[in-house]
DNA sequence: TGTCGGATCAGCT
DNA sequence: GCTGATCCGACAC
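In this note's numbering, the protein residues as written are 3 to 211.
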């Protein structure tokens, strides 16, 4: 395996949020929460582009206490509670005041599977360990109190790594985003990206294009 | 202060 | 494949 490299602040500053959402496939999400280390390879993402994206929490320049972190510079985590139960992990991208984000929807477990299994209350070989945005957040110990942490900071308990995995374009499928049917025209945008034939990809595993 | 609905998941069929 | 659980954030009043 190539040398592990925490992705630098600069990586997150691009305004091409769909390009970054594709580029995140094959990168690693790593956490060290409660002194427990675990990681997984990103296999599914969705791009959200405020303010013109009705599905984005920053649509139409909306700012609230919860979404304020979306307007920070790229490279911080935006974690929010969905359905009152699930914590969903997003990577904020683009320069300050441009509210773009990428939802991490699924991982292929790599390190600390026993830790993840313990947090999830299931066995370490269960395919559902990190399959889906709520599931992976629970597995890695990601909660809303980590919203706003700087992923590029050497001291942060959450970060992204490039471990040298190369993803071929032909192995990236795309589809409409999940669960945003309310979002009008934006609901049709093919801004969900996932690895072809990867068993950790969540619902609807066929290409929508 | 009250209402509404959601970027989901697990368990069961 | 279908359905109930569950509760906070946003906004209307």
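All residues carry an ideal CB built from backbone N, CA and C; glycine is no exception.
Being a predicted model, the structure only gives us computed values, none of them experimental.
Task: Candidates 177, 147, 158 and 33, of which the one nearest residue 109 by Cα - done: For the purposes of this step, residue 109 is taken as residue 107 along the first chain, with counting starting at 1. Of 177, 147, 158 and 33, the residue nearest in Cα terms is 33.
Task: Cα-Cα separation between residue 75 and residue 28, rounded to whole angstroms - done: Start at 1 with the first residue of the first chain, and residue 75 comes out as number 73. Start at 1 with the first residue of the first chain, and residue 28 comes out as number 26. In a straight line, the C-alpha of residue 75 is about 23 Å away from that of residue 28.
Task: For residue 80: DSSP bridge partner residues - done: For the purposes of this step, residue 80 is identified with residue 78 of the first chain, where counting begins at 1. 92.
- [ ] Give the C-beta separation of residue 40 and residue 147 to the nearest angstrom, bearing in mind that I take them to be a contact with Cβ-Cβ under 8 Å.
- [x] Residue numbering aside, residue 40 sits at position 38 when the first chain is read from its first letter. Residue numbering aside, residue 147 sits at position 145 when the first chain is read from its first letter. Going by Cβ atoms, the distance from residue 40 to residue 147 rounds to 18 Å, so no, they are not a contact pair.
- [ ] Kindly list the residues whose CB is nearer than 7 Å to the CB of residue 133, restricted to its own chain and excluding five residues on each side of it in sequence; keep chain order.
- [x] Taking the first chain and counting its residues from 1, one reaches residue 133 at position 131. Setting aside the 5 residues that flank it on each side, residue 133 is surrounded in the same chain by 108, 202 and 204, each with a C-beta closer than 7 Å to its C-beta; the list follows chain order.
Task: Between the CA atoms of residue 37 and residue 104 - distance to the nearest angstrom - done: By one-based count along the first chain, residue 104 stands at place 102. By one-based count along the first chain, residue 37 stands at place 35. Near 26 Å, if we compare the C-alpha coordinates of residue 37 and residue 104.
- [ ] Specify the secondary structure class of residue 202 as computed by DSSP and reduced to three states.
- [x] For the purposes of this step, residue 202 is identified with residue 200 of the first chain, where counting begins at 1. Coil.
Open item on the list: Taking contact to mean 3 or more Cβ pairs, one atom from each stretch, closer than 8 Å, check whether the segment 91-102 and the segment 5-22 are in contact.
Closed with: They touch, by the three-pair rule.
Open item on the list: Could you give the first and the last residue of the continuous alpha helix (DSSP H) run that contains residue 43?
Closed with: Numbered from 1 along the first chain, position 41 holds the residue referred to as residue 43. Run containing residue 43: none in the alpha helix (DSSP H); it sits in the beta strand (DSSP E), 38-51.
- [ ] Label residue 84 either buried or exposed according to how many other C-beta atoms from any shown protein chain fall within 10 Å of its C-beta, with 16 as the threshold for buried.
- [x] As a position in the first chain, residue 84 is number 82, starting the count at 1. Looking at its Cβ environment, which holds fewer than 16 other Cβ atoms inside 10 Å, residue 84 is exposed.
- [ ] Can you have a look at residue 117 and say buried or exposed, based on whether 16 or more other CB atoms are within 10 angstroms of its CB?
- [x] Residue numbering aside, residue 117 sits at position 115 when the first chain is read from its first letter. Residue 117 comes out buried.
Open item on the list: For residue 129, count the other beta carbons within 10 Å of its own beta carbon; 16 or more makes it buried, fewer makes it exposed. Which is it?
Closed with: Taking the first chain and counting its residues from 1, one reaches residue 129 at position 127. Residue 129 should be labelled exposed.
Open item on the list: How far does the alpha helix (DSSP H) with residue 167 in it extend, from its first residue to its last?
Closed with: Here residue 167 is taken as the residue at index 165 of the first chain, counted from 1. Premise fails: residue 167 is in no alpha helix (DSSP H) and is neither H nor E.
Open item on the list: Closest to residue 186 by C-alpha separation, out of 160, 58, 150 and 200, would be which residue?
Closed with: Translated into positions along the first chain, residue 186 becomes position 184. Considering only alpha carbons, the answer is 58.
TODO: Look at residue 145 and residue 81 and say whether their C-beta atoms are less than 8 Å apart.
DONE: Locating residue 145 in the first chain gives position 143, counting from the first residue. Locating residue 81 in the first chain gives position 79, counting from the first residue. Yes; because the gap between Cβ atoms is below 8 Å, this pair is in contact.
Task: Euclidean distance between Cα positions of residue 177 and residue 48 - done: In the first chain, counting from the first residue as 1, residue 177 sits at position 175. In the first chain, counting from the first residue as 1, residue 48 sits at position 46. Their backbone Cα atoms lie some 9 Å apart in a straight line.
Open item on the list: Within the continuous alpha helix (DSSP H) that includes residue 155, where are the two ends?
Closed with: Residue numbering aside, residue 155 sits at position 153 when the first chain is read from its first letter. According to the DSSP assignment, residue 155 belongs to no alpha helix (DSSP H), since it is labelled neither H nor E.
Open item on the list: On the criterion of 16 or more Cβ atoms from any shown chain inside 10 Å, does residue 46 qualify as buried, or is it exposed?
Closed with: Along the first chain, read from residue 1 onward, the residue named residue 46 stands at position 44. By the 10 Å Cβ count, residue 46 comes out buried.
Open item on the list: In whole angstroms, give me the CA-to-CA distance for residue 106 and residue 69.
Closed with: Counted from its first residue, the first chain places residue 106 at position 104. Counted from its first residue, the first chain places residue 69 at position 67. Cα to Cα, residue 106 sits roughly 17 Å from residue 69.
- [ ] Identify, in the order they occur along the chain, each residue of the same chain with its Cβ nearer than 7 Å to the Cβ of residue 2, setting aside the five sequence neighbours on each side.
- [x] Limits of the chain in this structure are 3 at one end and 211 at the other, which puts residue 2 out of reach.
Open item on the list: Short of 6 Å in beta carbon distance, which residues of its chain neighbour residue 198, apart from the five on each side in sequence? Order them along the chain.
Closed with: If you number the first chain from 1, residue 198 lands on position 196. These residues qualify, in order along the chain: 173 and 175.
Task: Whole beta strand (DSSP E) elements within the segment 99-146, 3-residue minimum - done: List check, beta strand (DSSP E) in window: 102-113.
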